[in-house]
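For reference, the structure is listed below as structure tokens.
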Amino acid sequence: MAEAAISLHEVSKRFRLPSSRRQSFKERAVRGKAEDTYFWALRDATFDIPRGSTFGVIGPNGSGKSTALKVMAGIYRPTHGQVHVRGSLSALLELGAGFHPELSGRENITLNASILGMSQSQIAAATDEIIEFADLGEHIEAPVKVYSSGMYVRLGFAIAVTVQSDILIVDEVIAVGDEQFQRKCFDHIHSLRRKGATVVLVSHGLELIETLCDEAVWMDKGQVQGIGGGREVVRRYVDSINAVQPHIDQRTGLRHTGTGEALITSVTFAGEDGGPVVSGRPFEVVIRYESSAHLAEVVLGLTIVHEPGIKLGGPNTADAGLVELGLGIGEARFSGLSMALMPGRYVVSAGIMQPGRRVIDQVYDAFDLEVLPSGDFVHGLVRMEGTWQVDQVPAADA
-1 MAEAAISLHE VSKRFRLPSS RRQSFKERAV RGKAEDTYFW ALRDATFDIP RGSTFGVIGP
59 NGSGKSTALK VMAGIYRPTH GQVHVRGSLS ALLELGAGFH PELSGRENIT LNASILGMSQ
119 SQIAAATDEI IEFADLGEHI EAPVKVYSSG MYVRLGFAIA VTVQSDILIV DEVIAVGDEQ
179 FQRKCFDHIH SLRRKGATVV LVSHGLELIE TLCDEAVWMD KGQVQGIGGG REVVRRYVDS
239 INAVQPHIDQ RTGLRHTGTG EALITSVTFA GEDGGPVVSG RPFEVVIRYE SSAHLAEVVL
299 GLTIVHEPGI KLGGPNTADA GLVELGLGIG EARFSGLSMA LMPGRYVVSA GIMQPGRRVI
359 DQVYDAFDLE VLPSGDFVHG LVRMEGTWQV DQVPAADA
């Protein structure tokens, strides 16, 4: 097992809530000062974050996620328990944290980087890289008090990732940025993973946790509810949201999670003329289901996973708009123009959902897909269809 970059052992954090009721002088003289109340934001949290992993922290609002991160970052001292951090650490936890509102973005780079332990020569060498990553244009010279929340995130993330710490902690603040910048951030997180850095990520985007995180912890009411592989922890958390226990259909042997108003009974793939699925050739997939209720605004879809656990995505009916399911047996049929996956064996999950992540039925890793080679010279995981044109470039233009 990899050495832990961060270890929490029976960590608890208590906060004092001052009495909000005002007392008159007479009441205070007779009864004494009103007693404060306390609440526990963390209770006996114990888990390790392996070195070099990307580790997710999930749970509802108020579950203790941000408190746990602040304890890891040394912002809060635990009331009880021990925290061990092995390596240098940088964190992006709150909008504007560490920024002086009257200073410009450029000046705050120097201030923030100094707080994070960079020398003046290191800051000078990194400033242009930070400015380029933040991509704030002429606003880099403006005082940050006029920045939007998205601009704060751009600058804060650019500084945090340029420090090149062993451990990077990122709270939900990335969600404030626009889609293009979020993609830029996640690309950089992938780059940090390849370099062996440890990344701790809090997000309400569960698909992001499934895709990025090797491991995850699920928290609720300040306590650890589950820890393990990212996909498995997300699965258990979603089950809890829908307040239903998985059950096994004795007829099919499938393990279902959801409200059960409709159940997926099979998923079948076929190539041309009903034959095997061949890479680069047309194919068809059929999802069969049984519905015990009339369901409006439903999405049926698939998730295809490569054997090492790489989530590749898959088609769903949202591309054509929300659909309705009537009572009884039905099927959803997807006709693919070209199988984009390379030859190999894949595992398929299928689901029926409604907006707001209300799960009607989810069947995880229950179906197999085998893609046969077409005989073309191809490699990798996916193939890109298109046309090439190769022309000789005149010497004068070379």
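Counting with this note's numbering, you get residues -1 to 396 for the letters of the sequence shown.
Backbone N, C-alpha and C define an ideal beta-carbon position, used for all residues, glycine too.
{"Item": "Nearest residue (CA-CA) to Phe155, options Gln120, Ser88, Ser347", "Value": "Ser88"}
{"Item": "Sequence ranges, alpha helix (DSSP H) only - wholly within the segment 195 to 280, length at least 4", "Value": "204 to 210, 228 to 239"}
{"Item": "Option in Val81, Ser147, Ser51 with minimal Cα separation from Phe97", "Value": "Ser147"}
{"Item": "Cα-Cα separation between Tyr362 and Val283, rounded to whole angstroms", "Value": "17 Å"}
{"Item": "Near the ligand PLP: Thr77 beta-carbon under 8 Å from a heavy atom", "Value": "This structure simply doesn't include the ligand PLP, nor any ligand for that matter."}
{"Item": "Range covered by the beta strand (DSSP E) that runs through Ala3", "Value": "2 to 15"}
{"Item": "Where Trp216 falls, given that 16 or more other Cβ within 10 Å makes a residue buried", "Value": "buried"}
{"Item": "Nearest candidate by alpha-carbon position, reference Val402, set Phe365, Ala124, Asp185, Asp212", "Value": "Outside the shown range of the chain (-1 to 396) lies residue 402, about which nothing can therefore be said."}
{"Item": "Boundaries (first-last residue) of the alpha helix (DSSP H) holding His186", "Value": "177 to 192"}
{"Item": "In DSSP terms, what Thr35 is bridged to", "Value": "Leu15"}
{"Item": "C-alpha gap between Leu90 and Ala214, whole angstroms", "Value": "19 Å"}
{"Item": "Candidates Gln360, Leu134, Pro341, Asp247, of which the one nearest Ala348 by Cα", "Value": "Gln360"}
{"Item": "Asp237 to Thr125 span [Cα, whole Å]", "Value": "46 Å"}
{"Item": "Completely contained beta strand (DSSP E) runs for the segment 87 to 172, where each covers 3 or more residues", "Value": "87 to 90, 165 to 168"}
{"Item": "Nearest-angstrom Cα separation, counted from Ala111 out to Ile56", "Value": "29 Å"}
{"Item": "Assumed close pair Gly10, Pro76 - CB separation to whole angstroms, cut-off 8 Å", "Value": "The sequence shown places Ser at residue 10, rather than the Gly named in the question. At roughly 6 Å, the Cβ-Cβ gap stays under 8 Å, so Ser10 and Pro76 are in contact."}
{"Item": "Range of the contiguous beta strand (DSSP E) that encloses Ser347", "Value": "342 to 352"}
{"Item": "Neighbourhood of Arg12 by C-beta distance below 6 Å, restricted to the same chain and skipping five residues each side", "Value": "Tyr36, Trp38, Thr77"}
{"Item": "Residues near Pro341 by beta carbon distance below 7 Å, same chain, minus five either side", "Value": "Ser277, Val369, Leu370, Pro371"}
{"Item": "Own chain, CB closer than 7 Å to Lys309, minus 5 neighbours either side, in chain order", "Value": "Glu208, Thr209, Thr301, Val303"}
{"Item": "Glu8 to Tyr235 span [Cα, whole Å]", "Value": "22 Å"}
{"Item": "Element boundaries [beta strand (DSSP E), containing Leu293]", "Value": "293 to 304"}
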